[in-house]
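The opening residue of the sequence shown carries number 1 in UniProt numbering; numbering runs sequentially from there. Just so you know, even glycine gets a beta-carbon here, dropped at the ideal spot from N, CA and C. These numbers come from a predicted model, not from an experiment. Here's the structure, in structure tokens; my notes come after.
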Amino acid sequence: MHNICVASTINQGGKTFFCVGIGQILREKGYNIGFMKPIGGNVVNIEGKSIENDVKKFKELFNLKDDYDEMNPVLITETDFINILKGGDIKLTEKIKGSFDRIKNDKDIVIIEGFEDIFSILLFGIRPEKLAEITDSKIILLVNYNQYVAGKILEFSSRIDDDKLIGIVINNVPISLVDMVKQLMIPFLKRKNAKILGFIPRTELLRYVTPLEIAENFGGKIICGETNADEPIYNFIIGAMTYENALKYFRRVKDKAVITGGDRAEIQIAALETPTKALLLTGNLYPGPGVISRAEERKIPIIILPDDTITVVDKIEEMMDISVNLMDRRRIENLKRLLEENIDLDTIYKAIQV
Numbered sequence: 001m002h003n004i005c006v007a008s009t010i011n012q013g014g015k016t017f018f019c020v021g022i023g024q025i026l027r028e029k030g031y032n033i034g035f036m037k038p039i040g041g042n043v044v045n046i047e048g049k050s051i052e053n054d055v056k057k058f059k060e061l062f063n064l065k066d067d068y069d070e071m072n073p074v075l076i077t078e079t080d081f082i083n084i085l086k087g088g089d090i091k092l093t094e095k096i097k098g099s100f101d102r103i104k105n106d107k108d109i110v111i112i113e114g115f116e117d118i119f120s121i122l123l124f125g126i127r128p129e130k131l132a133e134i135t136d137s138k139i140i141l142l143v144n145y146n147q148y149v150a151g152k153i154l155e156f157s158s159r160i161d162d163d164k165l166i167g168i169v170i171n172n173v174p175i176s177l178v179d180m181v182k183q184l185m186i187p188f189l190k191r192k193n194a195k196i197l198g199f200i201p202r203t204e205l206l207r208y209v210t211p212l213e214i215a216e217n218f219g220g221k222i223i224c225g226e227t228n229a230d231e232p233i234y235n236f237i238i239g240a241m242t243y244e245n246a247l248k249y250f251r252r253v254k255d256k257a258v259i260t261g262g263d264r265a266e267i268q269i270a271a272l273e274t275p276t277k278a279l280l281l282t283g284n285l286y287p288g289p290g291v292i293s294r295a296e297e298r299k300i301p302i303i304i305l306p307d308d309t310i311t312v313v314d315k316i317e318e319m320m321d322i323s324v325n326l327m328d329r330r331r332i333e334n335l336k337r338l339l340e341e342n343i344d345l346d347t348i349y350k351a352i353q354v
């Protein structure tokens, strides 16, 4: 068997999500999966230790026992970057090879997430094909859709050794262009001998947040409706109108959370009378007992947030922008389904010999 190296032509190009999706598919087929991000820079601090965030997410989702340092042997710091520019050697190849050998020891397949965009690794003196050789892997390349994507795909197809490339995935295709990509672009690229595995449509299935994620990220407290705290929220409304206008507006918007001040009882009641996934109360103000009682009846989470309404709205916008990077079982199942419906998995299986 070979392993899989997932690369992208841009940073934030969907590598982690593809790794999770293909990892889940292979795990459900009975394979013991490992994960590795040889070079990392997306750092979070856990108990005083710097850890690669994508590695942290994958380790938690798949309950992997490998050490963080093995899953991410090289965490690039500013000092490392300066050292490289000065001609220093950070012994990249040795570190990656050593960690890979230890991770691979008890795994059927290791999924390797590439660094930033596919050619950024050249900074460290390693071509993408060399990383694939070190990790005994074949490359899947993600290319984000834009009007020039066909030309980019042909360029990248010519720059990567054919025997190391499983194929290319066109990522983030607008729904309105899916038929064109399927019926025209992909056949065109295949006629040009590009190895196309399929595409991933841009979808709201991955772009949502849950009440629990809001509470955890904003320092909030859920005071009721905890049983529905993992429900997806796709829309947010600021409750700053009269009760009558709020009621009319709230009824038209589904899968929503309403953001309002903790002292706006009439808006809170209007929200609870319509299809609402959560009530976000700002200013650290608690609602009255009547509001809590109604929310408990309908099992709607109420979250008390310390910030003012404008600050919460700004944070929500930021959170929605990165919501596809949040991981939960619903997103994973949605992603798995997207891959099963739109990606040539048989070609991947054949390439890695499973």
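Asked, Found
"6 Å CB neighbourhood of Gly34 in its chain, flanking five on each side removed", "Ile103, Lys107, Val110"
"Of the listed residues Pro232, Leu131, Ile332, nearest to Ile39 (C-alpha basis)", "Leu131"
"Stretch-stretch touch, CB-based, cutoff 8 Å, three pairs: the segment 169-189 with the segment 7-23", "yes"
"Bridge partner(s) assigned by DSSP for Thr276", "Lys256"
"Alpha-carbon spacing of Ile214 relative to Val312, whole angstroms", "10 Å"
"Any chain B beta carbon closer than 9 Å to Gly13", "Note that chain B does not occur in the displayed structure, where there is just one protein chain."
"Glu204 to Tyr234 span [Cα, whole Å]", "8 Å"
"N-terminal and C-terminal residue of the beta strand (DSSP E) that Leu64 is part of", "Element bounds for Leu64: n/a, residue is neither H nor E."
"Residues bridged to Met36 [DSSP beta-bridge criterion]", "Ile112"
"Classification of Glu296 by the beta-carbon crowding that lies within 10 angstroms, buried from 16 upward", "exposed"
"Candidates Leu154, Phe100, Gly288: closest to Glu266 by CA position", "Gly288"
"Limits of the beta strand (DSSP E) - the one that Ser99 falls within", "Ser99 -> not in any beta strand (DSSP E); alpha helix (DSSP H) instead, spanning 92-104."
"Under 9 Å between C-beta atoms of Thr282 and Asp307", "yes"
"Lys277 versus Leu305 - alpha carbon distance", "16 Å"
"Cβ distance (whole Å) where Leu141 is taken to contact Ile118 below 8 Å", "6 Å"
"Between the CA atoms of Gln12 and Glu318 - distance to the nearest angstrom", "15 Å"
"Bridge partner(s) assigned by DSSP for Pro201", "Val173"
"Runs of alpha helix (DSSP H) wholly within the segment 313-348 (minimum 4 residues, chain order)", "329-342"
"Segments of 3+ residues assigned as beta strand (DSSP E) that fall wholly inside the segment 110-160", "137-144"
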